[in-house]
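Novice:
Numbering (this note's numbering), first residue to last: 5 to 89.
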(Lines of atoms letter the chains of each structure in order from A; the text may use other names.)
(Lines give C-alpha, C1' and ligand atoms only; values in the text may rest on other atoms or scores of the structure.)
Protein backbone atom coordinates (compact mmCIF):
# COMPACT_ATOMS: atom_id res chain seq x y z
CA UNK A 5 0.00 0.00 0.00
CA UNK A 6 0.99 3.56 -0.64
CA UNK A 7 2.28 5.29 2.48
CA UNK A 8 0.97 8.70 1.47
CA UNK A 9 -2.43 9.63 0.05
CA UNK A 10 -2.32 12.35 -2.60
CA UNK A 11 -5.20 14.29 -4.10
CA UNK A 12 -5.40 16.21 -7.34
CA UNK A 13 -8.36 18.29 -8.48
CA UNK A 14 -9.18 17.87 -12.18
CA UNK A 15 -11.63 19.64 -14.44
CA UNK A 16 -13.02 19.54 -17.97
CA UNK A 17 -10.31 19.21 -20.60
CA UNK A 18 -7.62 17.89 -18.25
CA UNK A 19 -5.37 15.02 -19.28
CA UNK A 20 -4.35 12.78 -16.39
CA UNK A 21 -1.45 10.32 -16.37
CA UNK A 22 -1.63 7.56 -13.78
CA UNK A 23 1.45 5.32 -13.62
CA UNK A 24 0.83 1.61 -14.32
CA UNK A 25 -0.14 -0.57 -11.34
CA UNK A 26 -1.12 2.45 -9.29
CA UNK A 27 -4.15 2.19 -7.04
CA UNK A 28 -6.35 5.21 -7.66
CA UNK A 29 -9.93 6.49 -7.51
CA UNK A 30 -11.83 9.15 -9.41
CA UNK A 31 -14.53 11.31 -7.84
CA UNK A 32 -16.87 13.83 -9.41
CA UNK A 33 -17.26 16.65 -6.89
CA UNK A 34 -19.88 18.38 -9.07
CA UNK A 35 -22.86 16.02 -8.90
CA UNK A 36 -24.87 18.34 -11.16
CA UNK A 37 -22.32 17.93 -14.00
CA UNK A 38 -21.78 14.45 -15.48
CA UNK A 39 -18.24 13.32 -16.19
CA UNK A 40 -16.97 11.37 -19.18
CA UNK A 41 -13.68 9.67 -18.41
CA UNK A 42 -11.71 8.02 -21.19
CA UNK A 43 -9.07 5.56 -20.03
CA UNK A 44 -6.33 3.90 -22.07
CA UNK A 45 -3.48 1.47 -21.46
CA UNK A 46 -0.22 1.40 -23.39
CA UNK A 47 -0.17 -1.56 -25.78
CA UNK A 48 3.17 -2.78 -24.46
CA UNK A 49 1.50 -3.49 -21.10
CA UNK A 50 -1.32 -5.31 -22.88
CA UNK A 51 1.11 -7.53 -24.78
CA UNK A 52 2.95 -8.31 -21.54
CA UNK A 53 -0.32 -9.30 -19.84
CA UNK A 54 -0.29 -6.29 -17.52
CA UNK A 55 -3.50 -4.65 -18.71
CA UNK A 56 -5.76 -5.89 -15.94
CA UNK A 57 -8.18 -3.64 -14.10
CA UNK A 58 -9.42 -4.52 -10.66
CA UNK A 59 -12.63 -2.73 -9.74
CA UNK A 60 -12.39 -2.40 -5.96
CA UNK A 61 -15.75 -0.74 -5.38
CA UNK A 62 -18.52 0.85 -7.40
CA UNK A 63 -19.65 4.45 -7.21
CA UNK A 64 -22.51 4.83 -4.70
CA UNK A 65 -24.98 5.81 -7.44
CA UNK A 66 -24.12 2.77 -9.60
CA UNK A 67 -27.02 0.36 -10.20
CA UNK A 68 -26.01 -2.97 -11.74
CA UNK A 69 -29.62 -3.66 -12.81
CA UNK A 70 -29.66 -0.69 -15.20
CA UNK A 71 -28.38 -1.31 -18.72
CA UNK A 72 -27.15 1.97 -20.18
CA UNK A 73 -28.32 2.70 -23.70
CA UNK A 74 -27.68 5.74 -25.88
CA UNK A 75 -31.30 6.78 -25.29
CA UNK A 76 -31.00 6.61 -21.49
CA UNK A 77 -27.79 8.63 -21.55
CA UNK A 78 -29.37 11.24 -23.83
CA UNK A 79 -32.39 11.55 -21.51
CA UNK A 80 -30.11 11.88 -18.49
CA UNK A 81 -28.01 14.60 -20.11
CA UNK A 82 -31.10 16.52 -21.24
CA UNK A 83 -32.49 16.47 -17.70
CA UNK A 84 -29.17 17.75 -16.38
CA UNK A 85 -29.17 20.76 -18.70
CA UNK A 86 -32.89 21.42 -18.36
CA UNK A 87 -34.09 20.38 -21.83
CA UNK A 88 -37.31 18.37 -22.22
CA UNK A 89 -36.50 14.67 -22.45
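C-beta: ideal position from N, C-alpha, C; glycine also.
What span of residues does the alpha helix (DSSP H) with residue 45 cover, start to end?
Specialist: Counted from its first residue, the chain shown places residue 45 at position 41. Segment: none, residue 45 is in no alpha helix (DSSP H) and carries neither H nor E.
Novice: So what does DSSP say about residue 82, is it helix, strand or coil?
Specialist: Position 78 of the chain shown holds residue 82. It is helical.
Novice: Where does residue 74 fall in DSSP's three states?
Specialist: Within the chain shown, the letter at position 70 stands for residue 74. Looking at residue 74 - three-state DSSP - the assignment turns out to be helix.
Novice: Less than 7 Å between the C-beta atoms of residue 39 and residue 32, yes or no?
Specialist: Counting from 1 along the chain shown, the entry for residue 39 is found at position 35. Counting from 1 along the chain shown, the entry for residue 32 is found at position 28. It is a contact, given that the beta carbons lie within the stated cut-off.
Novice: Less than 6 Å between C-beta atoms, sequence neighbours within five positions excluded: which residues of the same chain meet that for residue 29?
Specialist: Your numbering for residue 29 matches position 25 in the chain shown. Within the same chain, residue 29 has no close Cβ partners at all.
Novice: Inspect the beta-carbon positions of residue 24 and residue 49 and report whether they are closer than 7 Å.
Specialist: For the purposes of this step, residue 24 is identified with residue 20 of the chain shown, where counting begins at 1. For the purposes of this step, residue 49 is identified with residue 45 of the chain shown, where counting begins at 1. Closer than 7 Å, so yes.
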